[in-house]
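A.B. asks: From first to last, the protein sequence lines stand for chains E and B. At position 255 of the first sequence the residue is numbered 255 (the numbering used here), and the sequence of numbers has no breaks. At position 123 of the second sequence the residue is numbered 380 (the numbering used here), and the sequence of numbers has no breaks.
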Amino acid sequence: MAPTQPASAPEPTIIEIIELHKSFGESEVLKGINLKVPAGSTLVILGGSGSGKTVLMKHMIGLLKPNSGQVIVDGEDIVPFGADSLEQVRRKFGMVFQAAALFDSMTVYQNVSFPLREHSKMPEAEIREVVRQKLGIVGLKDVEEKFPSDLSGGMRKRVGLARAIVLDPKIVLYDEPTTGLDPITTDYVDEMILDAKKQLGVTSVVISHDIASAFKVADNIAFLYQGLIVDQGAPEKLRDSQHPQVKLFLQTWFGKN
Amino acid sequence: MASSDTTDVGPPPQKPPNPLYSAVESFGSVFVNVVEDIGGLAQLLFQVVKLAIRPPYRVMNLFNQLDFVGVGSIFIVALNGVFSGMVFAQQSARAFELFNAESLVGPTVALTITRELAPVFTALMVTMRAGSAMCTELGTMRVTEQIDALETMAVNPIQYLVVPRVLAGLIMVPLLTLVFDMTGLLGGYFVSVTVKGLSAGSFITRTQQWLDAEDIFEGLIKGAVFGLFIALVACFKGYFAHGGAKGVGQATTQAMVLSAVGIFMLDYFVGVILH
């Protein structure tokens, strides 16, 4: 039986990270992360480049193993899990990658239907219906037969989200969803994250350095600096943070607005 | 030439502190890299064997790879086979003419092609055509996070991507070796009989006398070993590529060099084991 940590928060915790340490060679990237993600909420992990955001997210889905610490997903510590058990855990997740990571040899339809073909025995007609519905949620239609190379960056990201939510996961992870997008598309992606939460009731974890976007979609924000969560809480609480790095980071946006 | 006094200006070039030390260091790092590659290949092979025998079976992926590695390579292997047979017949006919032993051209061409040239040249052709593509494709999928995406979707990327490619190498290179055997013999026959004017009957009879099924079988075993090796190397280097476009380029170069060198080394060792 995997060791578990009872959730102390009143709302159920779906992901809990306890004293997570990770080093690559000499460089220590995560230096003792403690984090809780309440079920059904949106947590944004905010931080500058090289702060360890992506590394932290990869631990949540078991793509990386920590040097020490626990990653508890839905009541189970996934750190000691082998490949087979991790596959079971990963079915609870959908992940939207920074550059979408769509399979470029497949059409949009094949990309979005891929998890269904792998993990369900749905007949083709039903698969087609589910794909159309998920593409509808992300605001896309008539793109099924296109290849990823024929789509814009924003559209690829939306197809990536459709693929991530096609199996109705409990948790969706977003790796820098608004990086490299124009302001209008950024706004659209923010709406898409909010819609996914509203329509599907998923828990979302977003890693980002986009302050405006973070404050728009987050229920909670955790600020990651040099491998440590230096402050966390609701957006309005974080805005009044006294931590010098958080203040400096937020000033770059709120100082101008 | 040694420089004159007038050019003797400034401090003399600084020598490395200890040339022996740096020589040992560079030899050591090459050795470590080779050992790392061998260890990595062995680990990947173990994974491939384990995942190949358990479901889900990726039948469509396997057929796609069989088509790409095998069917797609028939033409260049056949073309290479014809010309290799022609060149070999041409050269051996010149040599055997000196001893009035032209009737041995057929068996010489047949034995050399079936036992050595066919598996080695076929494997080199498949390395260049299919191995490079496998390595680049997997490398690109790695650096664009498509392999991570497979993992997050609870799909084992080794089972999905590597197993079909390695099986395709294992199955198709021996079959292509047969294609090389046939076209090589045809090329040898054409030059011996049509160009050099040797007796067709003697070419065929002598070849039948000397060429045994074991010779062809030896070539097929070598083909299977080479096919497994080159597909495994291409997948290994591509799967673990990192560092963007440059990293993928470097991985492909390494895969090609390792495959080519490995084919010749394995050729010797498999030959020794079979005899």
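Note that the Cβ used here is the ideal one computed from N, Cα and C, for glycine as well.
Taking any Cβ of chain B, which residues in the region 52-79 of chain E have a Cβ under 7 Å from it, in chain order?
C.D. replies: Hits within the stretch, in order: 61, 63.
A.B. asks: Between residue 531 of chain B and residue 487 of chain B, how many whole angstroms is the CB-CB distance? I'm expecting something under 8 Å.
C.D. replies: Their Cβ separation, rounded to whole angstroms, is 19 Å, which puts residue 531 of chain B and residue 487 of chain B out of contact at 8 Å.
A.B. asks: If you count every other CB in all the chains shown that lies within 10 Å of the CB of residue 351 of chain B, and 16 or more means buried, which is it?
C.D. replies: Exposed, since its Cβ has fewer than 16 Cβ neighbours within 10 Å.
A.B. asks: In the region 402-432 of chain B, which residues sit with their C-beta less than 8 Å from some C-beta in chain E, listed in chain order?
C.D. replies: Of all residues in the region 402-432 of chain B, 402, 403, 405, 406, 408, 409, 410, 411, 412, 413 have a Cβ within less than 8 Å of some Cβ in chain E.
A.B. asks: So, does the CB of residue 162 of chain E fall closer than 8 Å to a CB anywhere in chain B?
C.D. replies: No, residue 162 of chain E lies away from the interface with chain B (no Cβ there is under 8 Å from its Cβ).
A.B. asks: For the structure I just gave you, are there three or more beta carbon pairs, one from the region 373-385 of chain B and one from the region 470-485 of chain B, closer than 8 Å?
C.D. replies: Flag = yes, the region 373-385 of chain B and the region 470-485 of chain B touch.
A.B. asks: Could you pull out every residue in the same chain whose Cβ sits closer than 8 Å to the Cβ of residue 107 of chain E, ignoring the five residues on either side in sequence?
C.D. replies: These residues qualify, in order along the chain: 144, 145, 146, 147.
A.B. asks: Using only alpha-carbon positions, find the residue among E:86, E:162, E:154, E:52 that is nearest to residue 129 of chain E.
C.D. replies: Comparing Cα-Cα distances from residue 129 of chain E to each of E:86, E:162, E:154, E:52, the minimum goes to E:162.
A.B. asks: Run the proximity test for residue 149 of chain E: is its beta-carbon closer than 7 Å to any non-hydrogen atom belonging to the ligand ADP?
C.D. replies: In the structure shown, the ligand ADP is absent, as is every other ligand, since no ligand is present at all.
A.B. asks: Would you call the CB atoms of residue 516 of chain B and residue 384 of chain B closer than 8 Å?
C.D. replies: In contact: residue 516 of chain B and residue 384 of chain B (Cβ atoms closer than 8 Å).
A.B. asks: Should the region 235-249 of chain E be regarded as contacting the region 285-304 of chain B, the criterion being three or more beta carbon pairs within less than 8 Å?
C.D. replies: Output reads no: the region 285-304 of chain B does not touch the region 235-249 of chain E.
A.B. asks: With a threshold of 8 Å between beta carbons, is residue 156 of chain E in contact with chain B?
C.D. replies: No, its Cβ sits nowhere closer than 8 Å to a Cβ of chain B.
A.B. asks: Hey, how far is the Cα of residue 285 of chain E from the Cα of residue 399 of chain B?
C.D. replies: With chain E represented from 1 up to 257, any question about residue 285 of chain E goes unanswered, as that position is not in the structure.
A.B. asks: With 8 Å as the limit, tell me which residues of the region 116-129 of chain E have their beta carbon closer than that to any beta carbon of chain B; keep them in chain order.
C.D. replies: Hits within the stretch, in order: 118, 119.
A.B. asks: Residues in the same chain with beta-carbon distance under 8 Å from residue 523 of chain B, minus the five sequence neighbours each way, listed in chain order, please.
C.D. replies: Only 479, 482, 483, 486 meet the Cβ criterion.
A.B. asks: Could you check what DSSP says for residue 404 of chain B in three-state terms: helix, strand or coil?
C.D. replies: Helix, per DSSP.
A.B. asks: Nearest-angstrom Cα distance between residue 22 of chain E and residue 325 of chain B?
C.D. replies: Answer to the nearest angstrom: the Cα atoms are 41 Å apart.
A.B. asks: Applying the criterion that 16 or more other CB atoms from any shown protein chain within 10 Å of the CB defines a buried residue, is residue 280 of chain B buried or exposed?
C.D. replies: Classification for residue 280 of chain B: exposed.
A.B. asks: Leaving aside the five residues before and after residue 219 of chain E along the sequence, list all residues of the same chain whose C-beta is less than 6 Å from its C-beta, in chain order.
C.D. replies: 41, 42.
A.B. asks: Measure the beta-carbon distance from residue 211 of chain E to residue 250 of chain E and round it to whole angstroms, keeping in mind my assumption that it falls under 8 Å.
C.D. replies: Going by Cβ atoms, the distance from residue 211 of chain E to residue 250 of chain E rounds to 6 Å, so yes, they are a contact pair.
A.B. asks: List, from N- to C-terminal side, the alpha helix (DSSP H) runs of 4 residues or more that fit wholly inside the region 55-129 of chain E.
C.D. replies: Runs of the alpha helix (DSSP H) inside the region 55-129 of chain E: 83-90, 108-119.
A.B. asks: Quick check: what's the CA-CA separation for residue 46 of chain E versus residue 402 of chain B?
C.D. replies: Roughly 22 Å separates the two Cα atoms.
A.B. asks: With H, G and I counted as helix, E and B as strand and the rest as coil, what does DSSP make of residue 227 of chain E?
C.D. replies: Here residue 227 of chain E sits in coil by DSSP.
A.B. asks: For residue 465 of chain B, count the other beta carbons within 10 Å of its own beta carbon; 16 or more makes it buried, fewer makes it exposed. Which is it?
C.D. replies: Flag for residue 465 of chain B reads exposed.
A.B. asks: Report the option in B:311, B:284, B:518 whose CA atom is closest to the CA atom of residue 420 of chain B.
C.D. replies: It is B:311.
A.B. asks: Apart from the five residues just before and just after residue 422 of chain B, which ones in its own chain have a Cβ nearer than 7 Å to its Cβ?
C.D. replies: The residues are 322, 391, 488, 492.
A.B. asks: Restricting to runs no shorter than 3 residues, where is the beta strand (DSSP E) found entirely within the region 146-220 of chain E?
C.D. replies: As far as the region 146-220 of chain E is concerned, its whole beta strand (DSSP E) runs of at least 3 residues are 171-175, 203-208.
A.B. asks: Along chain B, which residues have their Cβ under 7 Å away from the Cβ of residue 101 of chain E?
C.D. replies: Going along chain B in sequence order, the residues near residue 101 of chain E (Cβ under 7 Å) are 401, 402, 403, 405, 406.
A.B. asks: Between the Cα of residue 100 of chain E and those of E:176, E:238, E:233, E:182, spot the shortest distance and give me the residue it belongs to.
C.D. replies: Of E:176, E:238, E:233, E:182, the residue nearest in Cα terms is E:176.
A.B. asks: Residue range of the alpha helix (DSSP H) that residue 328 of chain B falls in?
C.D. replies: Unbroken run through residue 328 of chain B: none, as it is neither H nor E.
A.B. asks: Would you kindly check if the distance between the Cβ of residue 15 of chain E and the Cβ of residue 73 of chain E is under 8 Å?
C.D. replies: Cβ atoms of residue 73 of chain E and residue 15 of chain E: closer than 8 Å.
A.B. asks: To the nearest angstrom, report how far apart residue 410 of chain B and residue 189 of chain E are at their CA atoms.
C.D. replies: About 22 Å.
A.B. asks: Can the beta-carbon of residue 199 of chain E be found closer than 8 Å to that of residue 137 of chain E?
C.D. replies: Closer than 8 Å, so yes.
A.B. asks: Residue 469 of chain B: buried (16+ other C-beta within 10 angstroms of its C-beta) or exposed?
C.D. replies: Residue 469 of chain B should be labelled exposed.
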